[in-house]
Amino acid sequence: MLTSHQKKFHDWFLSFKDSNNYNSKQNHSIKDIFNRFNHYIYNDLGIRTIASDFDLTMMTKHSGGYIDPLDNDGIIFSKSLSKEFNVFGMQAENVNISISVVTFSDPLLIPSNQRERFISGRRMIEHCLKESGAEFKVKNYYCFYPKIWQSQDLYSSIGLDAPMPLFKKYHLLQVASADKLLPNQILFIDDDIRNCKQALQDGFIVLHVEGNAGFSLKSVSVGFYYN
1 MLTSHQKKFH DWFLSFKDSN NYNSKQNHSI KDIFNRFNHY IYNDLGIRTI ASDFDLTMMT
61 KHSGGYIDPL DNDGIIFSKS LSKEFNVFGM QAENVNISIS VVTFSDPLLI PSNQRERFIS
121 GRRMIEHCLK ESGAEFKVKN YYCFYPKIWQ SQDLYSSIGL DAPMPLFKKY HLLQVASADK
181 LLPNQILFID DDIRNCKQAL QDGFIVLHVE GNAGFSLKSV SVGFYYN
């Protein structure tokens, strides 16, 4: 059952996307489109934070959870920020919408004997955004792979009374708590439809990134809202 905020966003977004055809090479056109998008979600929906996935959302490639920043694959990934997300992020900041990263890239994924070589989580994100020349700032980083945080020793160390829930429920509740917001004031963006469906059930406003090539106006969808 969708909330009134979710229904409003769903219906508006379908109309908005349908009416905004553009040439992806025309940067000024993209800026104008995302300027209108962010003004609407701020003024009419009350969105105050964007909670975005990293791999295949902000970035056009997938890290596998961690990278070696010095090898070829790591260098390529580090420079793969979506050009449209960069514009989107800048336009969000212009209307005082903050951006947080919610990702499964977790430093605990790195084998203990490889932690000098590989980077993950916040360290990887900051490195990649710098290498990609990102023109927006990230407010907070939530970098947890839930399947790791199932033992009491681990989940209790971050204040949980039970194993970390699957999907990105924990990440998003942390965003809401830190920013003192309700779920309907947060726009969640992710390429994994399972994360999107769970977030929708939990009351968040959600965009699904399709196509395995990162965020763009053409790739984002609300087609799952009624499925």
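Heads up, the final residue of the sequence shown is numbered 227 in full-length UniProt numbering, and it's a clean run with no missing numbers.
Here a beta-carbon is modelled for each residue, glycine too, at the ideal position from N, C-alpha and C.
Cα-Cα separation between residue i and residue j, rounded to whole angstroms
i           : j      : result
Leu14       : Val95  : 22 Å
His62       : Tyr142 : 17 Å
residue 258 : Asp71  : Here the chain comprises residues numbered 1 to 227, so residue 258 is not present and cannot be evaluated.
Val138      : Ser82  : 15 Å
Ser120      : Pro107 : 5 Å
Ser156      : Phe215 : 35 Å
Met1        : Pro69  : 44 Å
Glu84       : Asp153 : 41 Å
Arg36       : Asp161 : 42 Å
Gly65       : Phe104 : 7 Å
Gly211      : Thr57  : 10 Å
Phe167      : Pro146 : 7 Å
Asn213      : Phe77  : Sequence inspection shows Ala at residue 213; the Asn mentioned does not correspond to that position. Whole-angstrom Cα-Cα distance: 12 Å.
Ile75       : Phe118 : 12 Å
Residue i - partner residues in DSSP beta bridges
i      : result
Leu172 : Beta-bridge pairing links Leu172 to no other residue.
Ala51  : Ser100 and Phe188
Ile205 : Leu187
Met59  : Leu81
Tyr66  : Ser120
Pair within 8 Å by beta-carbon distance, residue i and residue j
i      : j      : result
Val222 : His10  : yes
Val209 : Leu200 : no
Asn113 : Thr3   : no
Arg48  : Leu181 : yes
Ile50  : Ala92  : yes
Asp53  : Val87  : no
Lys169 : Gln198 : yes
Tell me the start and end of each unbroken beta strand (DSSP E) in the stretch 90 to 148 that is at least 3 residues and wholly inside, in chain order. Within the stretch 90 to 148, the complete beta strand (DSSP E) runs of at least 3 residues fall at 98 to 103 and 140 to 143.
Would you say the stretch 161 to 178 touches the stretch 116 to 134, given that touching needs at least three Cβ pairs under 8 Å? Cβ pair count under 8 Å is below three, so no.
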